[in-house]
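> Residue 1289 is where the sequence shown starts when you use my numbering, and the numbers rise one by one after that.
Every residue, glycine too, gets a C-beta built ideally from N, C-alpha and C.
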Amino acid sequence: MTTSPAQPATPAQQPHPVSGGPIVQLPTAFGEFVAQAWTDLETGAEHLAVSSPLPATDGKAPLVRLHSECLTGDVFGSYRCDCGEQLAYALELIHEHGGTLLYLRGQEGRGIGLANKIRAYALQEAGFDTVEANEQLGLPVDARSYQAAAQILAEMGLNEVRLLSNNPDKQDRLAQAGVHVVEMVPTEVPSREQNLRYLQTKKDRMDHRLVLDMQPAALDPGAGAAGVESGVQAG
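1. As a quick exercise: from L1342, G1308 and E1471, pick the residue whose alpha carbon is nearest that of E1384.
2. Buried or exposed for H1355, going by 16 or more other Cβ atoms inside 10 Å?
3. Looking only at its chain, what residues have a beta carbon closer than 6 Å to the beta carbon of G1394, apart from the 5 residues adjacent to it on each side?
4. In terms of residue numbering, what span does the alpha helix (DSSP H) encompassing I1400 cover?
5. Taking the straight line between their C-alpha atoms, what separation do you get for F1416 and V1363?
6. By the three-class DSSP mapping on this structure, what secondary structure does G1347 have?
7. Within a Cβ cutoff of 7 Å, which residues of the same chain sit near V1469, ignoring the five residues on either side of it in sequence?
8. Excluding the five sequence neighbours on either side, which residues of its own chain have a C-beta within less than 7 Å of the C-beta of L1375, listed in chain order?
9. I think V1306 touches T1331, with their Cβ atoms under 8 Å apart; what is that distance to the nearest whole Å?
10. Quick one: what's got a C-beta closer than 7 Å to A1465's C-beta in the same chain, skipping five residues either side?
11. Taking DSSP as the reference, what is the three-state secondary structure of A1330?
12. By Cβ distance below 7 Å, which residues in the same chain neighbour G1308 in space, the five residues on each side in sequence not counted?
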């Protein structure tokens, strides 16, 4: 994978300051990748680009996933959310079709932090949905910024992408930062009893593009990936 300079900024929008490190091999359970750490020079947050070493297999714009850090889902496999399962599916698709996953650290709980996310969980157990829980804590529903992510993509030469996401807000915010999303590729995974209300809230109150099988099923390792893959091939 090579990097290229970011596109020149207009006077109204200066580049967000980021710095990339060396590119290294990253063998994983999902296949061989290359990885590059990036530092947001404004906030100090450190992010990781995990990329297929091969170009996109279909000649289209590369697949890109902006994945917000989720310790409970990504590391511990929590079923309260769908984060860990979306991460796995995205890596499978990027390995097969080419592209990059940006793992965005410091975005735990849609930007409110780990401790506040656990406080929000407690409120959810008391009956509030995920939006109401944040509001009860006096916190924004979504505090994430994608300025650094957009600049990292630009410096990697990824100015046109197919975005692996169910969240149209990411598309809108990347567009505002100068990254052209030519297609949204869904990453919906099978719902579970433990996360169905969470997913329904994301669909109803945050406009996520989810179908939601109202009969939650145990995850079939091939089912979700196959569904997403069909979207990749058809796109």
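So, from the data block:
1. L1342
2. buried
3. A1333
4. Careful: I1400 lies outside any alpha helix (DSSP H) and carries neither H nor E.
5. 25 Å
6. coil
7. Once the five neighbours on either side are set aside, the close Cβ partners of V1469 are V1449, L1451, Q1459, L1462 and A1463.
8. H1355 and D1362
9. With a Cβ gap of about 10 Å, V1306 and T1331 do not count as contacting.
10. If you ignore the 5 residues before and after A1465, its C-beta comes within less than 7 Å of the C-beta of Y1434, Q1435 and A1438, all in its own chain and listed in chain order.
11. Here the sequence assigns Glu to residue 1330, which means Ala is not the residue at that position. Coil.
12. T1291, Q1324, W1326 and E1443
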